[in-house]
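One structure is given below, encoded as structure tokens.
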Amino acid sequence: MGSRSSHAARIPDVDSLRRETGSVSQASLRRLYDRFQALDRTGKGYLSRLDLQQIGALAVNPLGDRIIDSFFPDGSLRLDFPGFVRVLAHFRPVDEEDEGNRDPKEPEPLNSRMNKLRFAFQLYDLDRDGKISRHEMLQALRLMVGVQVTEEQLESIADRTVQEADEDGDGAVSFLEFAKSLEKMNIEQKMSIRILK
Ligand SMILES: [Ca+2]
Ligand SMILES: [Ca+2]
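All letters in the sequence shown, in the order written, are residues 260 to 456 by our numbering.
If you want it as structure tokens, here you go:
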């Protein structure tokens, strides 16, 4: 394992990356860098969508394609290492020790509950207007629910899901409504994939 020497010194912006992502350890960054290089089979120096589809946890996730989209904001086709770490950091479990030691003046780490929720929210809010419409809910459910469910059933699930979360009655789910409706759910566990540890 790790016969290829990838020194932390060669990793771009190590310190700012570590701060931003919630103090990912140097060793984890090095492992991630190895992973990045392994996924980059042809040694291009960046990753494409195709490269990311090799990640097993994404391949089996019903919203995997949308998660892959979030690695490529603004229609870019190339993912560099800092971008790779930033997106993966949302999936890193919150370390209670980190939380306790965190300097309150520093920005909230990407793996905080709030940032995990924000990340999840934008997987639904396709047109980025800050609300999940009934139509967007339906599209997401279509990906998540098996083929045995009829279109009619799907529409009624979408209606119910939106209605239950929609507190101000505008027919859509805002980020706050989304966060509130997930309050009781263990998003920590649902959105933690042990990639970085
Ligand atoms: Ca929307
Ligand atoms: Ca609403």
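The C-beta atom is built at its ideal place from N, Cα and C for all residues, glycine as well.
According to the Cβ coordinates, are Y292 and I314 closer than 8 Å? One thing to note: Y292 has its Cβ no nearer than 8 Å to the Cβ of I314.
Can you tell me whether D310 is buried or exposed, with buried defined as 16 or more other CB within 10 angstroms of its CB? Counting Cβ neighbours within 10 Å, D310 comes out buried, since at least 16 surround it.
Go ahead and label V319 buried or exposed: buried means 16 or more other beta carbons lie within 10 angstroms of its beta carbon, across all protein chains shown. By the 10 Å Cβ count, V319 comes out exposed.
By the three-class DSSP mapping on this structure, what secondary structure does L309 have? If DSSP states are grouped into helix, strand and coil, L309 belongs with the helices.
Quick one: what's L338 bridged to in DSSP? L306, per the DSSP bridge assignment.
Got a sec: does ligand 1 put a non-hydrogen atom nearer than 7 Å to the Cβ of S392? Yes - ligand 1 has a heavy atom lying nearer than 7 Å to the Cβ of S392.
Cβ-heavy atom distance between L322 and ligand 1 below 7 Å? In this structure, ligand 1 has no non-hydrogen atom nearer than 7 Å to the beta-carbon of L322.
Where does V432 fall in DSSP's three states? V432 falls in the strand class under three-state DSSP.
Alpha-carbon to alpha-carbon, S392 and L413: Inter-residue distance for L413 and S392 is about 15 Å (C-alpha atoms, whole angstroms).
Can you find a heavy atom of ligand 1 that lies under 7 Å from the Cβ of D299? D299: no, Cβ never under 7 Å from ligand 1.
Are the Cβ atoms of L369 and R345 separated by less than 8 Å? Contact: yes.
So, K390 versus V421, is the Cβ gap smaller than 8 Å? No, the pair does not count as a contact, with Cβ atoms beyond the cut-off.
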